[in-house]
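In the working numbering, the protein residues as written are 6 to 462.
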């Protein structure tokens, strides 16, 4: 099936957007400012900073495609929910996410620029959605199962396919990376201000406005990783210096947040990139690795020691670690309850004890245990096949002599982002929560498509 690559001439200026879409976006942003500001206690004036990234993005990336709209909407959701302490506020997500989705869909339909690509990863993800829907038929927690599947569809499934509209357009893919960094300035600015005004907590994990520390820390880890990776494609020296500073400042805040999972996932992703994927000389790899290790230790010992304490403490009083142990122990005890078709989507909580249910934990904090217990062997095979097939396509493209140096760099960056997401999914997140895993796999698949230049060769 032919691939449709949007040309620069086809770019749609922001002023040509349907007026209805503009009104939806304006209303959504206005409501978000008021609601988030009042909920977090910042007030409308302080919360107005949340709209700055959308203005910058509109100027920098005026072409509103479905992929950029949904990707932006998904990231805005995480930012707004974290800052406002409203991580369950799906109404706010729908206000911005769906308005952006509608706008992008209208434009794509008019331009006829969306082409579905029939390949193994895409087919497998459709089957994963199908097994999630079938799992609802015998779910023991149908309300949560529906919410979980619906969130996966809107926050993961649609962005995964939507981002593929970029095809082999490397320029727009690079701009998506820049959009990600622009969005990440919001939690950075708020967190920096909070720390400067309120001081650094010594005996508790740092978050803003009651945000969940794990998702909060993941955002900073992603900012560090993306900043570090984009140094490779930065052209000017000042750009590289700015990226290094932004990475280090986000890393410092991440250490103060003191959440172990994202720290370990970030360390693994960076090590794999530096050792196996980067094109740096050996002495540079060693120097960078040593510097990053020393920087982390310096912040952890001189600025905030709570992360170091949590890293070296696994006693019974450490509730976060023991909570996961309880979940994994319960999972292992019920491996043979429904090995072929699973317990049903959203049914994990049904195997927990009365105490376990009282904690409100509804997923096992491990991607493989979750999929196996709820979907059985069939589900595990589908998810494994999806990841393996994507890995095979990526390695083949990486070794191809037909791709440009720029394409090769972007491909290695996307692989690192997927590895980071997979590492996070081993200790936290669910089908609904691991949105970036599917967004990053969609981006990686997009980079395995041929560019116009490679097809000419």
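Heads up, the beta-carbon is just placed ideally off N, CA and C, and yes, glycines get one too.
- Taking C-alpha positions only, residue 138 is separated from residue 348 by approximately 13 angstroms.
- With fewer than 16 other Cβ atoms from the protein chains shown falling within 10 Å of its own Cβ, residue 244 counts as exposed.
- In its chain, beyond the 5 residues on either side, 384, 385 and 388 have a beta carbon closer than 7 angstroms to the beta carbon of residue 376.
- Around the beta carbon of residue 192, a 10 Å sphere encloses 16 or more other beta carbons of the protein chains shown; the residue is thus reported as buried.
- Burial is judged here by how many other beta carbons sit within 10 angstroms of a residue's own beta carbon; residue 174 has at least 16 and is buried.
- Its Cα nearest to that of residue 254, the residue 197 stands out among 345, 202, 197 and 368.
- A direct Cα-Cα distance of roughly 14 angstroms separates residue 373 from residue 437.
- Taking a C-beta distance under 7 angstroms as the contact criterion, residue 369 and residue 391 do not qualify as a contact pair.
- The closest CA to that of residue 446, considering only 121, 123 and 130, is found on 130.
- Taking the Cα of residue 413 as reference, the smallest distance to any Cα among 178, 441 and 380 is reached at 178.
- Under a 10 Å Cβ-count criterion, residue 397 is classified as exposed, with fewer than 16 other Cβ atoms of the shown protein chains found around its own Cβ.
- With contacts defined by Cβ atoms closer than 7 angstroms, residue 190 and residue 222 do not form a contacting pair.
- Within a 10 Å sphere around the beta-carbon of residue 268 sit 16 or more other beta-carbons, which makes this residue buried.
- Here residue 426 is buried. Its C-beta has 16 or more other C-beta atoms within 10 Å.
- Spanning the alpha carbons of residue 379 and residue 296 requires a straight line of approximately 43 angstroms.
- C-alpha of residue 454 to C-alpha of residue 335: approximately 42 angstroms in a straight line.
- Straight-line spacing of the CA atoms in residue 289 and residue 240 works out to 19 angstroms.
- Contact between residue 432 and residue 266 holds, since their C-beta atoms are separated by about 4 angstroms, short of 8 angstroms.
- One alpha carbon belongs to residue 256, the other to residue 228, and they sit about 8 angstroms apart.
- A Cβ-Cβ contact shorter than 7 angstroms links residue 160 with residue 440.
- Taken through DSSP and simplified to helix, strand or coil, residue 126 comes out as helix.
- The shortest CA-to-CA distance from residue 143 to any of 186, 449, 350 and 201 is the one to 350.
- For residue 263, there is no enclosing alpha helix (DSSP H), as DSSP marks it with neither H nor E.
- Distance from the CA atom of residue 252 to the CA atom of residue 342, rounded to whole angstroms, is 46 angstroms.
- Residue nearest to residue 381 within the set 133, 331 and 123 is 133 (criterion: CA-CA distance).
- Taken through DSSP and simplified to helix, strand or coil, residue 369 comes out as coil.
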